[in-house]
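Each number in the numbering used here corresponds to the 1-based position in the sequence shown with 43 added.
Notes follow once the structure below has been shown.
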Amino acid sequence: MKLAVIGGRKITAGFALAGVSVLRSCRDEREAEKALKEFAYREDTGIILIERYYADKIVEEVNRFMQIRNPYPLIVIIPSYGGEGRSEDE
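See the structure below:
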C-alpha cells in the first residue's frame, strides 16, 4: 500500500524529500478534489494525507470518502504549512 499526499507545494516538497512518491501539489480546491478522487479509487493507496487548508475547502468530499472506505484508504488531515487552516501563501 502506498502513501499519497495532497497539499501545497511546500508540503508536497517536504514529503518528496522524505521519499514519498505519490504526491499532488494543488493550487486550488478543484485540484485537491480531483486528486482526492484519483487517489481514493486507486487500488494501491493505503493512506491519503491531505493538508488542512484543502481539506477545509472540500470538506463534503473528504467526509464522503471517510465514510465509504473499507477500510482503505485511510484519510488523515495534516496541519497546513502556515498553521491550521492557512495556505502557504498567507
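Backbone N, C-alpha and C define an ideal beta-carbon position, used for all residues, glycine too.
Since this is a predicted model, take the numbers as computed values, not measurements.
From the options, pick the residue whose C-alpha is nearest to that of residue i; which is it?
i	options	result
serine 64	Ile90, Pro114, Glu72, Lys77	Ile90
serine 123	Lys45, Met44, Gly50	Gly50
aspartate 71	Tyr96, Pro114, Met109	Tyr96
For residue i, I'd like the list of residues in its chain whose CB is within less than 7 Å of its CB, leaving aside the five on either flank, ordered along the chain.
i	result
alanine 59	Leu66
glycine 62	none
With H, G and I counted as helix, E and B as strand and the rest as coil, what does DSSP make of residue i?
i	result
valine 105	helix
glutamate 86	coil
alanine 47	strand
arginine 61	Residue identity differs from the one stated: residue 61 is alanine in this sequence, not arginine. It is coil, neither helix nor strand.
tyrosine 96	helix
tyrosine 124	coil
Give me whichever residues DSSP pairs with residue i in a beta bridge.
i	result
isoleucine 118	Ile91
serine 68	Gly50
By Cβ distance below 6 Å, which residues in the same chain neighbour residue i in space, the five residues on each side in sequence not counted?
i	result
glycine 57	none
threonine 55	Val48, Leu66, Ser68
CB-CB under 8 Å to residue i, same chain, minus the five flanking residues each way: which ones, in chain order?
i	result
valine 119	Ile90, Ile91, Leu92, Ile93
glutamate 133	Residue confidence for glutamate 133 is low, a pLDDT of 48 falling below 50, so the modelled location carries little weight; the figure read from the coordinates is stated next. The answer, listed in chain order, is Gly125.
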